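Asker: To start, I am sharing the structure in question, which I have written as structure tokens.
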Amino acid sequence: MSRPVIGVTTSTRSGWRIFPLVALNVWLAGGRAVRWGVGRPADVATVDGIIIGGGDDISPDLYGGKLITSARLDPERDELECDLVRAAQVQNKPVLGICRGSQMLNIALGGTLNQDAYATYTTSERVWTVLPRKTVCIEPDTRLAGVSGEKPMKVNALHSQSVDCLGDGLRVAARDTGGMIQAIERVKEPFAIGVQWHPEHLFYAHRQMGLFRALVHAARAARQDDSQLDAVSAAAS
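In case it helps, our numbering puts the sequence shown at residues 313 to 549.
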């Protein structure tokens, strides 16, 4: 069977260097990535799954928040990705959200963000690195736990915003040691997980690659019109 095709959204500014790394992770997981972004064709019907990638802050106009002066926004990308997440749900396509992508998954399904996450979670460990220096605690009995295990996990961190109120059909899958939400997931089909960190930089770590394998297995199931959640569970076992 041919590799599942995964649409990957990137920023106009940094996508040229981020996309190859994400594409490598997708390939190692058994899929094939195509780059999407503002000014590029992006049609959910042409792929088997989607990755909403990292990048700039998301405009508070999408969820009724307040703009902070340090925010760097890309309204065109906001609109594109919000539409893609909603289309993926309608068309039963799996989604993996990475950092900004996790936040967009939440917003597209009706949730909100903390614009200044570390002002809200003052005891959370504040790091800014692609190296695994931040500890996250996986919620038991979640799909993330099935994919990556329940033990605390070291991850990287390049974010200033975080999920606040959850969107429809989502639950918390991980928090950091200060209580800040670090991962979310859909409770039902179609499969969707959002992580606040950047697993594409940690492709050497088995637990991180599990996220990409889970997406590809779900994408293959979506192509065959099978249960995505069963496919992910089987892949993790």
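Cβ atoms here follow ideal geometry from the backbone N, Cα and C, with glycine treated the same way.
All of these numbers come straight from a predicted model, not from anything done at the bench.
With DSSP run on the structure shown, which of helix, strand or coil describes Met521?
Answerer: Correct three-state label for Met521: helix.
Asker: State the DSSP-derived secondary structure class of Gly481, mapped to helix, strand or coil.
Answerer: Note: Gly481 maps to coil in three-state DSSP.
Asker: Mind reading off the beta-carbon distance from Asp360 to Ala546? Whole number of angstroms is fine, and I expect it under 8 angstroms.
Answerer: Not confirmed; about 17 angstroms, so no contact.
Asker: Do you know how far the Cα of Glu437 is from the Cα of Ile550?
Answerer: Because the chain is modelled from 313 through 549, residue 550 falls outside the range shown and cannot be assessed.
Asker: Buried or exposed for Gln415, please, with buried defined as at least 16 other CB atoms from any protein chain shown within 10 angstroms of its CB.
Answerer: Label assigned to Gln415: buried.
Asker: Keeping to the same chain, check which residues put their C-beta closer than 7 angstroms to that of His510; ignore five residues upstream and five downstream.
Answerer: So the list reads Gly366, Ile410, Cys411, Val442, Asn468, Leu470, once near-sequence residues are dropped.
Asker: Please classify Trp348: is it buried, with 16 or more other beta-carbons within 10 angstroms of its beta-carbon, or exposed?
Answerer: Counting Cβ neighbours within 10 Å, Trp348 comes out buried, since at least 16 surround it.
Asker: Nearest CA to the CA of Ile450: which residue from Val439, Lys463, Ala543?
Answerer: Closest option to Ile450, Cα to Cα, is Lys463.
Asker: Leaving out five residues on either side along the sequence, give the residues of the same chain with a beta carbon under 7 angstroms from the beta carbon of Lys500.
Answerer: Only Gly481 meet the Cβ criterion.
Asker: Assuming contact is defined by CB atoms lying nearer than 9 angstroms, are Val459 and Arg535 in contact in what I supplied?
Answerer: No, they are not a contact pair.
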